[in-house]
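Engineer: Note that the sequence shown covers residues 18 to 222 in the working numbering.
Glycine included, every Cβ here is placed at the ideal spot set by N, Cα and C.
The model shown is predicted, which means the values in this text are computed figures rather than measured ones.
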Amino acid sequence: MTNVWQAPPSRPLLHITRFHPELWVVEGPAELSIDDGGGLVVDALAGGATVWYKPDIFTGDILLQLKLMPIPPVGKNNLNFIFHATEAGGGDILNSSAKRAGHYPEYHQFPNYIFTFVGPKPGEGHTRMRKNPGFELMAEDMNCHAELGREYKIDIAVRQGHIQAAIDGVLIHDVTDTAPLAGGRIALRTWQTKLVWKELYVGAL
């Protein structure tokens, strides 16, 4: 039975449909550009990369909504999102940005949640929710995969440790963290993928 997702009401904090490269901090071998529709093109075919939103830090209960599409050439169709990220002592994670090179294990060392959605081969892939530090698996679904050239709408709601994630209106993950993270920075994460980030919304719940 399909679990239909209905996003909860939220108060808008951020809504981007036309992106600007200067708003982002890139860690790893990625090139940013803007397509004709105002979307942020992230070319990370050369390896792993993380793209942090620079202006604001988001705390408390929030709703995240993204529209992402992996585009040619064929890559790993790797669509991930980091949220509630801080340094170990609670400081701004961008203070240590220069120390990171975009390698995935680097992001397992400090507090954050990471949603992953991948499709490295046709018909193969998965989605997971993890908590760091420690790379703790909170939830996974091995029956869905990201496809080249398909646009996805991803919703993530965080309410007092209750985390729900939906893909294209279908609830995929529904978990509760008994020791929830309080908030922090948000970032797109990808690997060997070229994609277009078409929309970002952040709302207070």
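1. Do I173 and F98 come within 8 Å of each other at the CB atom, strictly closer than that value?
2. For my contact list, D185 and K170 are in at a C-beta cut-off of 8 Å; report their separation, rounded to the angstrom.
3. Note down, one range per segment and in chain order, each beta strand (DSSP E) of at least 3 residues found wholly within the region 42-72.
4. Would you grab the beta carbon distance between L62 and G92 for me? Rounded to a whole angstrom, and I think it's under 8 Å.
5. Can you tell me where the beta strand (DSSP E) holding R176 begins and where it ends?
6. Under 6 Å Cβ to Cβ from Y70, same chain only, skipping five residues before and after it: list those, please.
7. May I have the straight-line CA-CA distance separating R167 from H101, to the nearest angstrom?
8. Classify E216 as helix, strand or coil using the three-state DSSP reduction.
9. What does the alpha-carbon distance come out to for the pair D158 and L165?
10. In or out: A182 buried (at least 16 other Cβ within 10 Å) or exposed?
11. Does the distance from the C-beta atom of L83 to that of A221 stay below 8 Å?
Structural biologist: So, to answer that:
1. Locating residue 98 in the sequence shown gives position 81, counting from the first residue. Locating residue 173 in the sequence shown gives position 156, counting from the first residue. In this structure, I173 lies closer than 8 Å to F98 by Cβ.
2. In the sequence shown, residue 185 corresponds to position 168, counting from 1. In the sequence shown, residue 170 corresponds to position 153, counting from 1. Right, their Cβ atoms sit about 6 Å apart.
3. 48-51, 57-70
4. Within the sequence shown, numbered from 1, the residue matching residue 62 stands at position 45. Within the sequence shown, numbered from 1, the residue matching residue 92 stands at position 75. Right, the Cβ-Cβ distance comes to about 6 Å (below 8 Å), so this counts as a contact.
5. Position 159 of the sequence shown, counted from the start, is the residue given in the question as residue 176. 169-176 is the span of the beta strand (DSSP E), which, as asked, contains R176.
6. As a working mapping, residue 70 is identified with position 53 in the sequence shown. Excluding residues within five positions, the ones whose Cβ falls inside 6 Å are I203.
7. Locating residue 167 in the sequence shown gives position 150, where the first residue counts as 1. Locating residue 101 in the sequence shown gives position 84, where the first residue counts as 1. Roughly 27 Å between the two C-alpha positions.
8. On the sequence shown, position 199 is the one that residue 216 refers to. E216 falls in the strand class under three-state DSSP.
9. In the sequence shown, the residue the question calls residue 158 occupies position 141. In the sequence shown, the residue the question calls residue 165 occupies position 148. Taking the straight line from one Cα to the other gives about 19 Å.
10. On the sequence shown, position 165 is the one that residue 182 refers to. It counts as buried.
11. Counting from 1 along the sequence shown, the entry for residue 83 is found at position 66. Counting from 1 along the sequence shown, the entry for residue 221 is found at position 204. In this structure, A221 does not lie closer than 8 Å to L83 by Cβ.
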